[in-house]
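The structure under discussion appears below in the form of structure tokens.
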Amino acid sequence: MMMQGKKVIITGAASGIGLAAVRKFAGAGARVFGLDRKPDIASIGDDILNVTGICCDLTDISQIKTTLDGFLDDGNVDVLVNNAGINPSPSSLTDTSEALWQRLLDTNLTAIYRLTKAVMMHMQCGSIINISSILALSGANRNAAYATTKGAIISLTRAMARDHGPAIRVNCVCPGAVETEMFEEYLSRCEDPVRERKRICETLPLQRLGKPEDIAEAVFFLTSGSASWITGQVLVVDGGDSA
Ligand SMILES: NC(=O)c1ccc[n+]([C@@H]2O[C@H](COP(=O)([O-])OP(=O)(O)OC[C@H]3O[C@@H](n4cnc5c(N)ncnc54)[C@H](O)[C@@H]3O)[C@@H](O)[C@H]2O)c1
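Using our numbering, read the sequence shown as starting at 179 and increasing by one per residue.
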């Protein structure tokens, strides 16, 4: 059990990539705390051993404080996975309202700043993984605010790696198209979702969409001893999309 006795916090744990990461770390023996704004996160421990689900809206600093006070003891937090994110109505800059811009910044970026700062008070040594996106690297049509938040996550990762080594390693994973609720939402906005899914698969060198587990494996690797000399890096996991 590679992660036996390790304390791991994962955000956006109720579905998709976050849930797959919860399963991966718990399966390796870690004590996992899964945070999500969805109330059904509270029952995640019914199905998965060693997991505590906590309902917390990460855009609300008071909820973050109450949450951490509720479960963090004096022990070290070994891993933090900042995974929660949204992309509700992708648009170009000119079509993005200030309210939407602010909501994306709050959820995808400022929440990471707030939670990470609070968790690091309990992390003498460990590993932090931030989930960005290939849209931070490639530029994407009608995704100005989302891509901006994901690009900033890469910059934050690099800055933190320099500030907090050697005790704390900070890395970033950029997923491509992964079959989750977020991706289904994207497809539902397309004129022909079936055709769009097929089109994406056909353009990928690996000819299939990502599974949440593909990303969870990459996250797990970066937090493991096998990655002990890796920090400040961006690992792209996209079926070859950016090749
Ligand atoms: N699915 C993809 O194709 C894809 C591609 C690139 C990057 N990503 C990124 O991967 C991460 C996970 O996305 P996913 O695809 O698993 O989507 P998902 O919608 O299945 O999961 C996201 C989770 O984050 C939670 N969340 C959102 N806002 C929150 C908040 N304020 N407080 C607490 N929890 C909150 C949601 O409730 C949800 O459970 C996101 O950061 C996303 O931007 C996804």
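Beta carbons: idealized from backbone N, C-alpha and C, even for Gly.
As the structure is a computational prediction, the values presented were derived from the model and not from experiment.
Item	Value
Complete runs of the beta strand (DSSP E) confined to the stretch 217-277 [at least 3 residues]	229-233 and 257-260
Proximity test, N308 beta-carbon vs ligand 1 heavy atom, cut-off 6 Å	no
Cβ neighbour criterion (16 or more within 10 Å) applied to Y324	buried
Endpoints, alpha helix (DSSP H) assigned at D341	A322 to H342
R375 CB to nearest heavy atom of ligand 2 below 6 Å	With respect to ligand 2, the structure offers nothing, as its ligand set consists of ligand 1.
Outcome for G417 when other beta-carbon atoms lying within 10 angstroms are tallied against a minimum of 16	buried
Counterpart residues of N349 in DSSP-defined beta bridges	I307
I393 in three-state terms, based on DSSP	helix
Residue nearest to T358 in terms of C-alpha spacing, selected from P344, D392 and V351	D392
Presumed contact (8 Å Cβ cut-off) between C368 and E374, rounded CB distance	4 Å
Beta bridge counterpart(s) of G212 as assigned by DSSP	I188 and G231
Short Cβ contact (7 Å threshold) for A337 with K328	no
Beta-carbon separation (whole angstroms), V257 vs K184, contact threshold 8 Å	6 Å
Any 3 or more C-beta pairs closer than 8 Å across the stretch 267-274 and the stretch 297-307	no
Presumed contact (8 Å Cβ cut-off) between N261 and I332, rounded CB distance	15 Å between Cβ atoms; not a contact.
Close-in-space but distant-in-sequence residues of the same chain around N300 (CB under 6 Å, 5 per side omitted)	One detail in the question is off: residue 300 reads as His in this sequence, not Asn. Excluding sequence neighbours, H300 sits near L250 and V255.
Distance cut-off 6 Å: A220 Cβ against heavy atoms of ligand 1	no
P353, buried or exposed, once every other Cβ within 10 Å from all chains shown has been counted against 16	buried
Separation of A277 from G248, as counted between CA atoms	32 Å
Close Cβ partners of I232 (< 6 Å) along its chain, the five nearest in sequence each way excluded	L213 and T245
Cutoff 7 Å; reference I226; Cβ partners in own chain excluding five residues on either side	V200, R201 and A204
Three-state secondary structure (DSSP) of L413	strand
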